[in-house]
Amino acid sequence: MKNRRDFLRSAFGLSAGFAAAPRLLAAPTQRNGENMEMAHTRHASPQSRGVVSVETPDVPQLPCRIVDGVKEFHLIAEPVKQELIPGKVANLWGYNGSAPGPTIQVIEGDRVRIIVDNHLPEPTSMHWHGFEIPVEVDGAPGSSQDPIPPGGRFVYEFALHQSGTFFYHSHMAMQEMMGMIGAFIMHPKTNYSPHVDRDFAIILQEFAILPNNPIPNSMNMEFNWLTLNGKSGPATTPLIVRLNDRVRLRFINLGMDHHPIHLHGHTFVVTGSEAGRQPQSTWGPGNTVLVGVAQSRDVEFVANNPGDWMIHCHLPHHMMNQMSSVVGPMTRRGGGMPAGLGMEEGMGILREGHATSEDKGPSLGRGMGVGSTRDETTGNGPQGTQQTGRSISNMPGMEHGAMPDMQDKAMPMTAPEVIKNARSVPGFPQDAFMEGPAMAMDKMVEKPENYGLRPGWSGFMQGMMTFLRVLRPEMYDKVMALREQQKNKPEPMPEMEHHQG
Ligand SMILES: [Cu+2]
Numbered sequence: 002m003k004n005r006r007d008f009l010r011s012a013f014g015l016s017a018g019f020a021a022a023p024r025l026l027a028a029p030t031q032r033n034g035e036n037m038e039m040a041h042t043r044h045a046s047p048q049s050r051g052v053v054s055v056e057t058p059d060v061p062q063l064p065c066r067i068v069d070g071v072k073e074f075h076l077i078a079e080p081v082k083q084e085l086i087p088g089k090v091a092n093l094w095g096y097n098g099s100a101p102g103p104t105i106q107v108i109e110g111d112r113v114r115i116i117v118d119n120h121l122p123e124p125t126s127m128h129w130h131g132f133e134i135p136v137e138v139d140g141a142p143g144s145s146q147d148p149i150p151p152g153g154r155f156v157y158e159f160a161l162h163q164s165g166t167f168f169y170h171s172h173m174a175m176q177e178m179m180g181m182i183g184a185f186i187m188h189p190k191t192n193y194s195p196h197v198d199r200d201f202a203i204i205l206q207e208f209a210i211l212p213n214n215p216i217p218n219s220m221n222m223e224f225n226w227l228t229l230n231g232k233s234g235p236a237t238t239p240l241i242v243r244l245n246d247r248v249r250l251r252f253i254n255l256g257m258d259h260h261p262i263h264l265h266g267h268t269f270v271v272t273g274s275e276a277g278r279q280p281q282s283t284w285g286p287g288n289t290v291l292v293g294v295a296q297s298r299d300v301e302f303v304a305n306n307p308g309d310w311m312i313h314c315h316l317p318h319h320m321m322n323q324m325s326s327v328v329g330p331m332t333r334r335g336g337g338m339p340a341g342l343g344m345e346e347g348m349g350i351l352r353e354g355h356a357t358s359e360d361k362g363p364s365l366g367r368g369m370g371v372g373s374t375r376d377e378t379t380g381n382g383p384q385g386t387q388q389t390g391r392s393i394s395n396m397p398g399m400e401h402g403a404m405p406d407m408q409d410k411a412m413p414m415t416a417p418e419v420i421k422n423a424r425s426v427p428g429f430p431q432d433a434f435m436e437g438p439a440m441a442m443d444k445m446v447e448k449p450e451n452y453g454l455r456p457g458w459s460g461f462m463q464g465m466m467t468f469l470r471v472l473r474p475e476m477y478d479k480v481m482a483l484r485e486q487q488k489n490k491p492e493p494m495p496e497m498e499h500h501q502g
């Protein structure tokens, strides 16, 4: 390796002039925004550049070293603290301080060496999902290799002849549910046609985290934290594209659920799976793509419709944060309501009464943990006591300007519009206190990519939701300028302080 620029050129096939190259090398856990020039240097034609770097918003890129012609990467499996939304820090497991782990980008034909160090308290093993490589480096613990013990290391080395949206993950099943996955993008030797101007990857994950507990319950089947690249809405970072860009989105799913990902305002074609590019004759139009567990799906479209368009999983429960049993009549029963049984009572087996009894909540027996033991008395429920209103109004960053005196009143913050006798309507409330002005936290998630969004937007973004912002040139340039400014600031913005493990 002669110098950093040579390194990048050889690593990514980039032509000269990428100012971010030193930064990329300098800090292995840099956030994606730090090295976006690779994709944002739009003045060179994409063809001349060879590769349009894949952006993974909110997830860093993993730099490599070239050692004797081999691209060498270093992954450290370790516990991480991942801030899902401002103030909600989860104890996940990931790689290099991030869950999901950093994104690896290589080119078809590369020979790669990946050094995996295990800093977990238990054995692990790394699997290269879908790679056609020798079985000795497949990472199946017990059969193709010994598990990597705590404090141990395994060096994986192989040549790559495939291209597409691949990923790496721990091959210990429950570790997968703690966050242990990362994107592994194999760029083709010869550019795909038609070329894209922008290329994004988004990893879909889900966690069951009880209120006031930062550790996921990996046994649970009811997931209440749904993430895109380790963030839940509104903390997800919007995808910024210029009007009429051709865009590729790569979705990767590792969890217990399948996710129908829906894009507003555009029609895409599905161009790739976890096995690589699909023939053009198979590309069918759609606006929702089902990304099954262990699958990846690439979609492409021309962003020809200006606006801030939602991208989201369409499962209703996956568009929520911190789901727990406070929907419907349970919200107003004093002392909570038995909603099922926990592990200590026999894993959901009913011991008394009958399942449809009015004394049993609707989630009886469905799972273990969230919503399945007893409806919790929640300190921030909307229909509670005076104390309730006080605790909400005091939450930092909450925008409750419409209710200046709420601390002294026994009423919900920034009351949503509901009819006077709403409680008499069976089923109420559904979204009344879960979405809306009360949930807005625009300021807490302020970042360049959110510049110019409609005020209060964040009150309606939860779970697996983000934006595709199709911006006209002036606005696009403005957002990019803000991003540039932020990058040069010595202090990161508040919501960007995590990922450091
Ligand atoms: Cu989903």
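With my numbering applied, the sequence shown corresponds to residues 2 to 502, in that order. Cβ coordinates follow ideal geometry from the N, Cα and C atoms, glycine included.
Report the CB separation of residue 125 from residue 149 in whole angstroms; it is logged as a contact under 8 Å. 5 Å
How would you write the range of the beta strand (DSSP E) that residue 158 sits in, first residue to last? 154-160
Cβ-Cβ distance between residue 94 and residue 187 below 8 Å: no
Assign residue 69 to buried or exposed, taking buried as 16 or more other Cβ atoms, counted over all protein chains shown, within 10 Å of its Cβ. Its Cβ having fewer than 16 others within 10 Å, residue 69 is exposed.
Helix, strand or coil for residue 138 per DSSP? Reduced to three states, the DSSP call for residue 138 is helix.
Sub-8 Å separation of residue 128 and residue 170 beta-carbons: yes
Assuming the contact rule is C-beta atoms closer than 8 Å, residue 229 and residue 203 should be a hit. Round their C-beta distance to whole Å, please. 5 Å
Which residues bound the alpha helix (DSSP H) around residue 184? Per DSSP, residue 184 belongs to no alpha helix (DSSP H); it is in the beta strand (DSSP E), 182-188.
Does residue 256 come out as helix, strand or coil in the three-state DSSP assignment? When secondary structure is reduced to three states using DSSP, residue 256 falls in the coil class, being assigned neither helix nor strand.
Beta-carbon contacts of residue 4 that lie in its chain and below 7 Å, excluding the five residues immediately before and after: Because the pLDDT at residue 4 is just 42, under 50, the model does not fix this residue reliably, and the point stays unresolved.
Just to be sure I understand the criterion: a residue counts if its Cβ is closer than 5 Å to at least one heavy atom of ligand 1. Which residues meet that? Every residue passing the under-5 Å Cβ criterion appears here: 260, 314, 316 and 319.
For residue 86, which residues in the same chain have their Cβ closer than 6 Å to its Cβ, ignoring the five residues on either side in sequence? Hits under 6 Å: 233 and 236.
Do you know offhand how far residue 175's Cα is from residue 467's? 27 Å
Roughly how many angstroms lie between the CA atoms of residue 147 and residue 140, to the nearest whole one? 9 Å
Beta-carbon proximity of residue 292 to residue 205, cut-off 8 Å: yes
Proximal residues to residue 452 (C-beta, below 6 Å), its chain only, five neighbours per side dropped: 480 and 483
From the DSSP output, which residues share a beta bridge with residue 309? DSSP links residue 309 through a beta bridge to 470.
Suppose you measure from the CA of residue 486 to the CA of residue 476; what does that come to, to the nearest Å? 15 Å
Residue 66 in three-state terms, based on DSSP: Look at residue 66 here: in three-state DSSP terms it is strand.
Measuring only from the beta carbon, is residue 465 closer than 7 Å to any heavy atom that is part of ligand 3? Ligand 3 is not part of this structure, which contains only ligand 1.
Should the region 287-304 be called in touch with the region 439-450, which here means at least 3 C-beta pairs below 8 Å? The answer is no - the region 439-450 does not touch the region 287-304, with fewer than three Cβ pairs under 8 Å.
Are residue 242 and residue 301 close, meaning C-beta to C-beta below 8 Å? no
For residue 490, count neighbouring Cβ atoms within 10 angstroms of its own Cβ and tell me buried if that reaches 16, exposed if not. exposed
Let me know if residue 54 comes out buried or exposed under the rule of 16 or more other beta-carbons within 10 Å of its beta-carbon. Buried.
Using a Cβ-Cβ cut-off of 7 Å (strictly less than) and excluding sequence neighbours within five positions of residue 456, which residues of its own chain qualify? 443
Under three-state DSSP, which class holds residue 487? helix
Short Cβ contact (8 Å threshold) for residue 130 with residue 167: yes
So the candidates are 433, 225 and 310; which of them puts its Cα closest to the Cα of residue 211? Ranking 433, 225 and 310 by Cα distance to residue 211 puts 225 first.
Could you give the C-beta distance for residue 289 and residue 262, rounded to a whole number, given that I count them as a contact under 8 Å? 7 Å
Report the three-state DSSP secondary structure of residue 428 (helix, strand or coil). coil
Residues in its own chain within less than 8 Å of residue 257 by CB, not counting five upstream and five downstream? 178, 207, 222, 224 and 294
Who are the near neighbours of residue 65 in its chain, counting only those whose CB is closer than 7 Å to its CB and skipping five residues on each side? Excluding positions up to five away in sequence, the list reads 12, 72, 73 and 74.
In terms of alpha-carbon separation, which member of 118, 165 and 100 lies closest to residue 132? 165
Selected residue, minimal CA-CA separation from residue 213, among 92, 306 and 137: 92
Below 8 Å on the Cβ atoms is my guess for residue 117 versus residue 78; work out the distance and round it to an integer in Å. 7 Å
Under three-state DSSP, which class holds residue 460? helix
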